[in-house]
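Since the structure comes first, as structure tokens, the remarks are kept for the end.
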Amino acid sequence: MLRSEATLSRKSIDDAIARALACLRRHFRTPPPLGVAPGTAGTAGPGGWYHYLDDPSPGVTASAVGLYCFSLAGAEFERTDQVLNYLLSKQVKDANGGGWAVRTARDFPIVEATAWVLRCLSLPQTRTRATSAALDSGVEWLEANQNTDFGWGSYKGQPSRTFTTALSVLALRESGGSRAVIGNAHKWLIEAQSSPHPAWGPLPGSEPTMLHTSFALMALLSVAGTFPASAVNQTIEWLTERLQPAVHVEKETAVEDYDVPYVHNGADYTLQNSLPHFAGPITLTALLHANADPLQKKVFDAITEIVRTQEAQDPARSGSWELPRSPRRPSIWAVWPFVAALSTARAAIFPSTDGTATLLFPGCALIQSSSTTKHLTRRLLIKNALLDWLRLRKVAVALWGIAAMAVVISLILWRTGQFTLDNFLVTLALPVLILVFQILWDRRGSSGD
């Protein structure tokens, strides 16, 4: 009789987020002073995280993303000042302002790192006088490196890509960048859509993917009214159709590889950029940001799978998720997309700090706090199931009610001597006729379906 499609517990989401943040706390790194071996430094100096969390030295992008994770989860990180000190020390100033480089780029600033640092420095808990100056300089650098087509590559002159453009739009929107720059970037994203689909690929006109569509959608939604509601709904439908709850990685975007040539001290170098992506949780985050209905079985199942697949056995990777190319190493890129999805879903589904959500049917869920009696959900579902059954069979129930009444009246009249046995048997013909009529009516309804 119970009719529920899926169930979610607020506690299970909270616990998964807590394990992810514990993983980040456990792998926090401080760079060793000059002449000191890695791993032997104290905790007072600058610090952060690297892409591979087990690496002894921090990196710029991962440190910004790690701190961003705590903000997504609404949690405080006790060593925020150390991360900020590290990020400020790594800003590279030039004529265009100040950008940030990845650890393997020889202090050559690129968009992928700069945009993430700007998102981090834009958080309320990171705003100080020192970070504000660095943030303003970073915004100046990012805007100066927008291409003439209004998209972004890794720096000005590199081919504009969907991911770098969407990431730059989000960073500028969060850090108070130029509305004109953001508006032009929105035009680039809209024109870069992969016709005939309401979706995007890594480059303009390329085969669309869930990952790039999700990032483009979030960037376009960053300014109200930029993307028509009808277009948003089409993209939501496209993403929802392709979202597979048990699949976190999209084959086409598991890693986004491309070369970034650059010049350093007069010499030519090439940065082999490899960006691990988790399209599943990022798609879930984008759908919820786009106000897609969270009370859907596919959404509930996706959240359940994220919680289920979090690493809990291996102490070295506990709290993270499996990185496809390096399954034995914990990575910041296998933490933040899941924290973002869980935090966004938690806010969309649960109005209070605890409880359970039972999905009755698409668009309708019963949210039950932990203080409510355990049997309330069961009683309500049984009641709803009975009401549904009565609504579907109201004609049959009415006919059987009439038939039952006729039998009872005839039986009373016969037992009191007012009816002979022949009269009683003749009277029973009415219920029989009603039964035959009801059977024929049911068959008519079935054939009509």
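Heads up: take any position in the sequence shown, counting from 1, add 939, and you land on the numbering used here.
Even for Gly, the Cβ is constructed at its ideal location relative to N, Cα and C.
Please read all numbers here as calculations on a predicted model, not as lab measurements.
(message) Is it buried or exposed, residue 1203, if we count other Cβ atoms within 10 angstroms and call 16 or more buried?
(response) Looking up residue 1203 in the sequence shown gives position 264. An exposed status is given to residue 1203, since fewer than 16 other beta-carbon atoms sit within 10 Å of its beta-carbon.
(request) Would you be able to state if there are at least three C-beta pairs under 8 Å between the region 1213 to 1222 and the region 1105 to 1113? (result) No, they do not touch.
(request) Round the Cβ separation of residue 1135 and residue 1101 to the nearest angstrom and send it over; I've been treating them as touching at under 8 Å. (result) Numbered from its first residue, the sequence shown carries residue 1135 at position 196. Numbered from its first residue, the sequence shown carries residue 1101 at position 162. That pair is no contact at about 17 Å.
(request) Measure the alpha-carbon distance for residue 1007 versus residue 1059 and round it to whole angstroms. (result) Position 68 of the sequence shown, counted from the start, is the residue given in the question as residue 1007. Position 120 of the sequence shown, counted from the start, is the residue given in the question as residue 1059. Going from the Cα of residue 1007 to the Cα of residue 1059 covers about 6 Å.
(request) Evaluate residue 1161 with the Cβ neighbour count: other Cβ atoms within 10 Å of its Cβ, from every protein chain shown; 16 or more gives buried, anything less gives exposed. (result) Here residue 1161 refers to the residue found at position 222 of the sequence shown. Within 10 angstroms of the beta-carbon of residue 1161 lie 16 or more other beta-carbons, which makes it buried.
(message) Once DSSP output is grouped into helix, strand and coil, what is the label at residue 982?
(response) Along the sequence shown, read from residue 1 onward, the residue named residue 982 stands at position 43. Because the pLDDT at residue 982 is just 44, under 50, the model does not fix this residue reliably, and the value given afterwards should be weighed accordingly. Coil.
(request) Let me know if residue 1011 comes out buried or exposed under the rule of 16 or more other beta-carbons within 10 Å of its beta-carbon. (result) Translated into the one-based positions of the sequence shown, residue 1011 becomes position 72. It is buried - the Cβ of residue 1011 has at least 16 other Cβ atoms within 10 Å.
(request) Using the Cα positions of residue 992 and residue 1072, report the straight-line distance between them to the nearest angstrom. (result) In the sequence shown, the residue the question calls residue 992 occupies position 53. In the sequence shown, the residue the question calls residue 1072 occupies position 133. Spanning the alpha carbons of residue 992 and residue 1072 requires a straight line of approximately 29 Å.
(message) Using a Cβ-Cβ cutoff of less than 6 Å, which residues in the same chain neighbour residue 1035 once the five nearest sequence positions on both sides are dropped?
(response) Residue numbering aside, residue 1035 sits at position 96 when the sequence shown is read from its first letter. 1080 and 1083.
(request) Measure the C-alpha to C-alpha separation of residue 1281 and residue 1185 and round it to an integer number of angstroms. (result) As a working mapping, residue 1281 is identified with position 342 in the sequence shown. As a working mapping, residue 1185 is identified with position 246 in the sequence shown. Near 15 Å, if we compare the C-alpha coordinates of residue 1185 and residue 1281.
(message) Please return the same chain residues whose Cβ sits closer than 6 Å to the Cβ of residue 1272, not counting the five positions on each side in sequence.
(response) Here residue 1272 is taken as the residue at index 333 of the sequence shown, counted from 1. 1215.
(message) Please classify residue 1138 as buried or exposed, where buried requires at least 16 neighbouring CB atoms within 10 angstroms.
(response) The residue you call residue 1138 lines up with position 199 of the sequence shown. By the neighbour-count rule (16 or more Cβ atoms within 10 Å), residue 1138 is buried.
(message) With distance defined between alpha-carbon atoms, name the residue in 947, 955, 944 and 946 nearest to residue 1251.
(response) For the purposes of this step, residue 1251 is taken as the residue at position 312 of the sequence shown. Residue 955 is the option with its Cα nearest to residue 1251.
(request) Let me know the secondary structure DSSP gives residue 1228 once reduced to three states. (result) If you number the sequence shown from 1, residue 1228 lands on position 289. Helix.
(message) Let me confirm a value: residue 1156 is counted as buried when at least 16 other C-beta atoms fall within 10 Å, else exposed. Which label applies?
(response) Taking the sequence shown and counting its residues from 1, one reaches residue 1156 at position 217. Only buried fits residue 1156, as 16 or more other CB atoms lie within 10 angstroms of its CB.
(request) Return the CA-CA distance between residue 1127 and residue 989, expressed in angstroms with no decimal places. (result) Taking the sequence shown and counting its residues from 1, one reaches residue 1127 at position 188. Taking the sequence shown and counting its residues from 1, one reaches residue 989 at position 50. Spanning the two alpha carbons is a distance of roughly 32 Å.
(message) Quick check on residue 1260: does DSSP put it in helix, strand or coil?
(response) Position 321 of the sequence shown, counting from 1, holds the residue named residue 1260. Annotated three-state conformation of residue 1260 is coil, per DSSP.
(message) Can you find the residues in the same chain that come closer than 8 Å, C-beta to C-beta, to residue 1173, ignoring five residues on each side of it along the sequence?
(response) Here residue 1173 refers to the residue found at position 234 when the sequence shown is read from its first residue. Residues of the same chain with a CB within less than 8 Å of the CB of residue 1173, apart from the 5 flanking positions on each side, are 1137 in chain order.
(request) State the DSSP-derived secondary structure class of residue 1376, mapped to helix, strand or coil. (result) Within the sequence shown, numbered from 1, the residue matching residue 1376 stands at position 437. Here residue 1376 sits in helix by DSSP.
(request) Please state whether DSSP places residue 1177 in a helix, a strand or coil. (result) Within the sequence shown, the letter at position 238 stands for residue 1177. The DSSP-derived three-state label of residue 1177 is helix.
(message) Beta-carbon within less than 7 Å of residue 1398's beta-carbon, same chain only, minus the 5 sequence neighbours each way: which residues are those?
(response) An answer regarding residue 1398 cannot be provided, because it is not within the stretch 940 to 1388 covered by the chain.
(message) Can you look up residue 1013 in the DSSP assignment and give me helix, strand or coil?
(response) Here residue 1013 refers to the residue found at position 74 when the sequence shown is read from its first residue. If DSSP states are grouped into helix, strand and coil, residue 1013 belongs with coil.
(message) Could you check whether residue 1208 and residue 1045 sit closer than 8 Å to each other, using their CB atoms as the reference points?
(response) For this step, residue 1045 is matched to residue 106 along the sequence shown. For this step, residue 1208 is matched to residue 269 along the sequence shown. In contact: residue 1045 and residue 1208 (Cβ atoms closer than 8 Å).
(request) Using 10 angstroms around the beta-carbon of residue 1064, count the other beta-carbons present and answer buried if the total reaches 16, otherwise exposed. (result) Residue numbering aside, residue 1064 sits at position 125 when the sequence shown is read from its first letter. By the neighbour-count criterion, in which 16 or more other beta carbons inside 10 Å mark a residue as buried, residue 1064 falls on the exposed side.
(message) Using only the alpha-carbon positions, how far apart do residue 984 and residue 1256 sit?
(response) On the sequence shown, position 45 is the one that residue 984 refers to. On the sequence shown, position 317 is the one that residue 1256 refers to. Residue 984 and residue 1256: Cα-Cα distance of roughly 25 Å.
(message) Whole angstroms are fine: how far does the CA of residue 1298 sit from the CA of residue 1183?
(response) For the purposes of this step, residue 1183 is identified with residue 244 of the sequence shown, where counting begins at 1. For the purposes of this step, residue 1298 is identified with residue 359 of the sequence shown, where counting begins at 1. Taking the CA atoms as reference points, residue 1183 sits about 18 Å from residue 1298.
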